[in-house]
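Chemist:
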Amino acid sequence: MRISKSRFLQYIQCPKRYWLGVYHPEFADERDMTVFTNGTRVGEYARGLFPDGVLIEYRKDGWLDIDRMLAETKHHIEAGTRILYEAAFATDNLIAICDILVRSEEGYEIYEVKSSGSIKDVYFPDAAFQYHVLNECGINVSKVYITHLNTGYIRQGEIDIDELFFHNDVTSHAKQINEEILEAIPDIEDVYRSLVEPVVSLDLQCETPYNCEFMGYCFRDIKEHSVFELAGISQKLKYELYNKGIIYFNDVMASGIQLKQNLMQQIEAAEAGQPIIQTENIREFMGNLHYPIYFLDFETINPAIPLYEGTSPYEQIPTQYSLHFIEEEGAQLQHREFLAIEGSDPREEIVKCLSADIPEDACVLAYHMAFEKKVIEMLAQTFPDYSEKLQQINEQMHDLIIPFRKRFYYVDKMKGKSSIKSVLPALYPDDPELSYSNLDGIHNGNEASNAYLALTDMNEAEREKTRKSLLEYCRLDTLAMVRIWEKLLTFI
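Residues in the sequence shown are numbered from 864 upward in steps of one, following the working numbering.
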């Protein structure tokens, strides 16, 4: 048995997570691969910091062959190769693969590449594991670095690779954690050899430092109306309650514990089985709206590596919008939309179209408007000729989430949440027209972002189908807002 870095980090977070990963990976939840995809791309890009290195291929002919990687790495170390990508090293029970390994006069430098925009404590055991394995293999490691993106970098022309990344010397941290690794190895081996699933209570390790991929499995016996459904409760408090045996809403009521008002409100609504309807507050909110009324939603991409001039890592770039609108009371619902052509900077065209599509006297509704307002603000800064019109749109914007965030209207089916994907099915249960699950191919914002970025690599038929799916998804977001607004109208 050889313990990889990822397995070691799983164990550090939770022995049960490690054991399930070894023996029952099929129990894992479906995971969003965006972070993994970003990490792979950033890692490959970072090789440009040390060009002309030798890549030890992770797979050859579709097969993962660790022994081949170890042999190739050994060959290049003995040959004095200065720069290696994905170099592999193993002891009897540990294996580590280095993103970038650079030979210097003092020894070898490890560069562990992260796609984040800052250094985090959770990265230190990661770097320490590699340091330990290489030293055990007789490699003199002089420095260990965490390399991550510089989110303050602004692309001007071709990407300046040296400005795009920061290097952080974490050698001292790696050396300090070295003893902890040695102490943990026998315990990891014991867990590995056991055919019995470890008993670990639900606690902070389920979500810290990362959401565990086995949460669905470990929480499978938790029924409806548990403290884990309480919206806005701290991680620490919900696990404290759970481990005191206060698991369900009725346990909270019976215990006499007083939680924050919004939490007690959620519990009381569920226990009573009645909706919360604050008619006067709804009327006041709706009274601030006027015709013509425009319902706006953006979809964006936020590529780790900036694609366009003047943009930074992870900057939100709008690629499409949907507008449903009603010119006057009793008028027909109308719709306009925009989807950028893939492969080019979409921002100027989206500014022109949005400015033309929304009239000066419009009341603009968004859902969680901070996002839309931020996108518009960034567009106004980038295109000053349109700044006045864009700022006017922002000034006339109202947030449809408010009646639900403030619980002017609340039903138990919302589970304490106010997102559009929680509110919509609670207001319109089993309405196929308003079901995101009925959409073809794209069901959420991450899928939309990934699909747009993939358009340039598709053939014509795939591209046409995906563009249609993107339009349908964004259209549903604003149609959902219309239907929610219509529901609020019934209370005035």
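Backbone N, C-alpha and C define an ideal beta-carbon position, used for all residues, glycine too. As the structure is a prediction and not an experimental result, all values here were calculated from the model.
1) Just the C-alpha distance for Ala-891 and Phe-1112, rounded to the nearest angstrom, thanks.
2) List the endpoints of the continuous beta strand (DSSP E) containing Tyr-971.
3) Counting C-beta neighbours from all protein chains within 10 Å, is the total for Asp-1422 16 or more, i.e. buried, or is it exposed?
4) Could you tell me which residues DSSP puts in a beta bridge with Val-1007?
5) Considering only residues of the same chain and omitting the five flanking positions on each side of Phe-1267, which have a CB-CB separation below 6 Å?
6) In terms of alpha-carbon separation, which member of Asp-1293, Leu-1170 and Phe-1188 lies closest to Tyr-1154?
7) For the beta strand (DSSP E) containing Glu-1190, name the first residue and the last one.
8) Per DSSP, which one or two residues make a beta bridge with Asn-1031?
9) If we ignore side chains and look at the alpha-carbon of each, how far apart do Asn-901 and Ser-1118 end up?
10) Let me check understanding here. Comparing Cα to Cα, which of Ile-1355, Ile-1022, Ile-1048 and Pro-1222 lies closest to Ile-1168?
11) Counting Cβ pairs, one atom from each stretch, are 3 or more of them under 8 Å apart for the region 981–992 and the region 1039–1049?
12) In its own chain, which residues sit with a C-beta less than 7 Å from the C-beta of Glu-1092, not counting the 5 before and 5 after it?
13) With distances taken between CB atoms, is the gap from Val-996 to Phe-952 smaller than 8 Å?
14) Would you mind giving the Cβ-Cβ distance between Leu-1217 and Met-1344, rounded to the nearest angstrom? I have them listed as a contact below 8 Å.
15) Threshold first: 3 residues or longer. Then list the beta strand (DSSP E) segments lying entirely within the region 909–978, N to C.
16) Please state whether the Cβ-Cβ distance between Tyr-1177 and Phe-1161 is less than 8 Å.
17) Could you tell me the alpha carbon to alpha carbon distance between Tyr-1016 and Pro-1209, rounded to whole angstroms?
18) Would you say the region 1062–1074 touches the region 870–884, given that touching needs at least three Cβ pairs under 8 Å?
19) Per DSSP, what kind of secondary structure is Ile-1283 in: helix, strand or coil?
20) Secondary structure at Gln-844, three-state DSSP: helix, strand or coil?
21) For a quick check, are the C-beta atoms of His-939 and Leu-947 less than 8 Å apart?
22) Could you tell me the distance, in whole angstroms, from the CA atom of Gly-1136 to the CA atom of Ile-1221?
23) Throw me the rounded Cβ distance for the Ser-1312 and Ile-1213 pair, which I believe falls under 8 Å.
24) Report the three-state DSSP secondary structure of Met-1260 (helix, strand or coil).
25) Give me, in chain order, the residues of the same chain whose beta-carbon lies closer than 8 Å to that of Ile-1145; leave out the 5 immediate sequence neighbours on both sides.
26) Exposed or buried, what is Ala-1132 when buried is set at 16 or more other beta-carbons lying within 10 Å of its beta-carbon?
27) Got a sec? Which residues, its chain only, sit under 7 Å from Ile-982 by beta carbon, not counting five neighbours each side?
28) By how many angstroms is the C-alpha of Gly-1001 removed from the C-alpha of Asp-930?
Modeler: Working from what's here:
1) Locating residue 891 in the sequence shown gives position 28, where the first residue counts as 1. Locating residue 1112 in the sequence shown gives position 249, where the first residue counts as 1. Taking the straight line from one Cα to the other gives about 28 Å.
2) As a position in the sequence shown, residue 971 is number 108, starting the count at 1. Counting along the chain, the beta strand (DSSP E) containing Tyr-971 begins and ends at 971–977.
3) The structure shown does not extend to residue 1422, since the chain is modelled only from 864 through 1355, so no value can be given for it.
4) The count along the sequence shown starts at 1 and reaches residue 1007 at position 144. Val-1007 is bridged to Ile-973.
5) Working through the sequence shown from its first residue, we reach residue 1267 at position 404. Same-chain partners within the cutoff: Ser-1281 and Val-1286.
6) What you label residue 1154 is simply residue 291 of the sequence shown in a count that begins at 1. Among Asp-1293, Leu-1170 and Phe-1188, the Cα nearest to that of Tyr-1154 belongs to Phe-1188.
7) In the sequence shown, counting from the first residue as 1, residue 1190 sits at position 327. Glu-1190 -> no beta strand (DSSP E), and no H or E assigned at all.
8) Mapped onto the sequence shown, residue 1031 falls at position 168. For Asn-1031, which the question treats as bridged, DSSP gives the partners Ile-1009.
9) As a working mapping, residue 901 is identified with position 38 in the sequence shown. As a working mapping, residue 1118 is identified with position 255 in the sequence shown. Going from the Cα of Asn-901 to the Cα of Ser-1118 covers about 46 Å.
10) Here residue 1168 refers to the residue found at position 305 when the sequence shown is read from its first residue. For Ile-1168, the nearest C-alpha among the options comes from Ile-1022.
11) yes
12) Here residue 1092 refers to the residue found at position 229 of the sequence shown. Hits under 7 Å: Lys-1278 and Gly-1279.
13) The residue given as residue 996 occupies position 133 in the sequence shown. The residue given as residue 952 occupies position 89 in the sequence shown. Against a cut-off of 8 Å, the Cβ pair of Phe-952 and Val-996 comes out as a contact.
14) Stepping through the sequence shown from its first residue, residue 1217 is reached at position 354. Stepping through the sequence shown from its first residue, residue 1344 is reached at position 481. Not quite, the Cβ-Cβ distance comes to about 17 Å (not below 8 Å), so this is no contact.
15) 946–953, 957–966 and 971–977
16) Translated into positions along the sequence shown, residue 1177 becomes position 314. Translated into positions along the sequence shown, residue 1161 becomes position 298. No; because the gap between Cβ atoms is not below 8 Å, this pair is not in contact.
17) Counting from one through the sequence shown, the residue named residue 1016 turns up at place 153. Counting from one through the sequence shown, the residue named residue 1209 turns up at place 346. Roughly 20 Å between the two C-alpha positions.
18) yes
19) Along the sequence shown, one-based indexing puts residue 1283 at 420. Reduced to three states, the DSSP call for Ile-1283 is helix.
20) No information on residue 844 is available, as it lies outside the stretch 864 to 1355 that the chain covers here.
21) As a first step, residue 939 must be located in the sequence shown, where it is residue number 76. As a first step, residue 947 must be located in the sequence shown, where it is residue number 84. Yes, they are a contact pair.
22) Within the sequence shown, residue 1136 is the residue found at index 273, counting from 1. Within the sequence shown, residue 1221 is the residue found at index 358, counting from 1. Roughly 42 Å between the two C-alpha positions.
23) Mapped onto the sequence shown, residue 1312 falls at position 449. Mapped onto the sequence shown, residue 1213 falls at position 350. Between Ile-1213 and Ser-1312 the Cβ distance is about 15 Å, and since that is not below 8 Å, they are no contact.
24) Residue 1260 sits at position 397 when you count from the first residue of the sequence shown. Correct three-state label for Met-1260: strand.
25) Locating residue 1145 in the sequence shown gives position 282, counting from the first residue. Hits under 8 Å: Pro-1266, Phe-1271, Tyr-1272, Leu-1351, Phe-1354 and Ile-1355.
26) In the sequence shown, residue 1132 corresponds to position 269, counting from 1. Counting Cβ neighbours within 10 Å, Ala-1132 comes out buried, since at least 16 surround it.
27) Residue mapping note: residue 982 aligns to position 119 of the sequence shown, counting from 1. Around Ile-982: Ile-1009, His-1011 and Asn-1031.
28) As a working mapping, residue 930 is identified with position 67 in the sequence shown. As a working mapping, residue 1001 is identified with position 138 in the sequence shown. Taking the straight line from one Cα to the other gives about 18 Å.
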